[in-house]
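*Asks:*
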Amino acid sequence: MALQSNPPTQLLLVAVVFIALGVVPGSRNLHRDAWRVGYSRGETAGFHQGLNTGRNQGFTEGKIEGYREGLRRGTRIGLKQSAEIVQAFVLSSSSISGIFLGSISGLLLASCLACYAYRNKNEGKTKRILLILLTSIVSLGVVVSTIFASGTILLIFLNRLPKASLNSCLINSENLVERKRFEP
210 MALQSNPPTQ
220 LLLVAVVFIA
230 LGVVPGSRNL
240 HRDAWRVGYS
250 RGETAGFHQG
260 LNTGRNQGFT
270 EGKIEGYREG
280 LRRGTRIGLK
290 QSAEIVQAFV
300 LSSSSISGIF
310 LGSISGLLLA
320 SCLACYAYRN
330 KNEGKTKRIL
340 LILLTSIVSL
350 GVVVSTIFAS
360 GTILLIFLNR
370 LPKASLNSCL
380 INSENLVERK
390 RFEP
């Protein structure tokens with residue numbers, strides 16, 4: 210009765226009921242929409258985080274694998290170059306030893322001829338001139354042989370070592386290219 214006699218109270222009650230009926234579903238919808246948006250954003254952020262983690266991990270693993278491959282190839286090529294240097298030195302050691310032996314024997318012969326020419330300085334001028342000329346020729350041969358032997362040794366090492374350093378530079382450049390492929 211009191212409600213019928215008081216229209217503002219009736220309107221207030223109706224408004225409260227309608228507000229309650231609208232707020233409960235509305236809050237559910239809002240909560241559901243907020244959950245969907247949050248889930249979507251979380252999923253996107255998680256995907257990007259996973260992508261970054263996977264990319265960084267792949268880059269690290271690729272870099273380590275590249276270093277290992279470079280080390281293996283460098284070791285292989287270095288051993289090959291070392292073997293080539295040793296082989297070339299062994300193959301040419303006989304000729305080098307022959308040159309040095311010839312130089313030493315030539316030096317001894319030149320010394321003997323010089324001593325003989327000095328001891329027999331009272332003999333004829335022609336014989337002395339021939340001995341001096343022969344001593345000079347033998348000494349010149351000793352010098353040329355020594356220079357040739359030294360040049361041969363230098364050529365062996367100078368022809369081999371730049372190849373090894375060039376190969377190491379090529380390996381480093383290939384590793385750099387491989388690392389660049391894994392970089393983000």
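Per the numbering used here, the sequence shown starts with residue 210, numbered consecutively.
Using N, Cα and C, we set each Cβ at its ideal position, and we do this for glycine too.
Treat the numbers as computed from the prediction; the structure is a model and nothing was measured.
1. What does the alpha-carbon distance come out to for the pair L317 and R277?
2. Kindly give me the distance between the Cβ atoms of L340 and Y325, rounded to whole angstroms, as I take these residues to be in contact under 8 Å.
3. Measuring CB to CB, does V353 end up less than 8 Å from L322?
4. To the nearest angstrom, how far is it from the Cα of G283 to the Cα of I273?
5. Would you mind sorting T344 into buried or exposed? The rule is 16 or more other CB atoms within 10 Å of its CB.
6. Exposed or buried, what is G251 when buried is set at 16 or more other beta-carbons lying within 10 Å of its beta-carbon?
7. Taking its Cβ as the centre, do 16 or more other Cβ atoms sit within 10 Å of L385, making it buried, or is it exposed?
8. With a threshold of 16 other CB atoms inside 10 Å of the CB of G259, please say whether the residue is buried or exposed.
9. CA-CA distance, T262 and R281?
10. State buried or exposed for G275, treating a residue as buried only when at least 16 other CB atoms are found within 10 Å of its CB.
11. Between I356 and R328, what straight-line distance do the alpha-carbon atoms span, to the nearest angstrom?
12. Report the residue from K289, L288, S291, V351 whose alpha carbon sits nearest the alpha carbon of I313.
*Replies:* Let me spell this out:
1. Indexing the sequence shown from 1 puts residue 317 at position 108. Indexing the sequence shown from 1 puts residue 277 at position 68. Going by the C-alpha atoms only, they are around 57 Å apart.
2. Here residue 340 corresponds to residue number 131 of the sequence shown, with the count starting at 1. Here residue 325 corresponds to residue number 116 of the sequence shown, with the count starting at 1. That belief holds up - the Cβ atoms of L340 and Y325 are roughly 7 Å apart, short of 8 Å.
3. In the sequence shown, counting from the first residue as 1, residue 353 sits at position 144. In the sequence shown, counting from the first residue as 1, residue 322 sits at position 113. No. Outside cutoff.
4. Translated into the one-based positions of the sequence shown, residue 283 becomes position 74. Translated into the one-based positions of the sequence shown, residue 273 becomes position 64. Distance between the alpha carbons of G283 and I273 is about 15 Å.
5. For this step, residue 344 is matched to residue 135 along the sequence shown. So T344 ends up on the buried side.
6. Sequence index remark: in the sequence shown, residue 251 carries index 42 (1-based). With fewer than 16 Cβ atoms within 10 Å of its Cβ, G251 is classed as exposed.
7. Locating residue 385 in the sequence shown gives position 176, where the first residue counts as 1. Because the pLDDT at L385 is just 49, under 50, the model does not fix this residue reliably, and the value given afterwards should be weighed accordingly. So L385 counts as exposed.
8. If you number the sequence shown from 1, residue 259 lands on position 50. Burial call: exposed.
9. Indexing the sequence shown from 1 puts residue 262 at position 53. Indexing the sequence shown from 1 puts residue 281 at position 72. Computed Cα separation, rounded: 28 Å.
10. On the sequence shown, residue 275 is found 66 positions in, with the first residue counted as 1. The residue in question, G275, is buried, as its Cβ has 16 or more Cβ neighbours within 10 Å.
11. Taking the first residue of the sequence shown as 1, we reach residue 356 at position 147. Taking the first residue of the sequence shown as 1, we reach residue 328 at position 119. Taking the straight line from one Cα to the other gives about 31 Å.
12. For the purposes of this step, residue 313 is identified with residue 104 of the sequence shown, where counting begins at 1. Closest by alpha carbon: V351.
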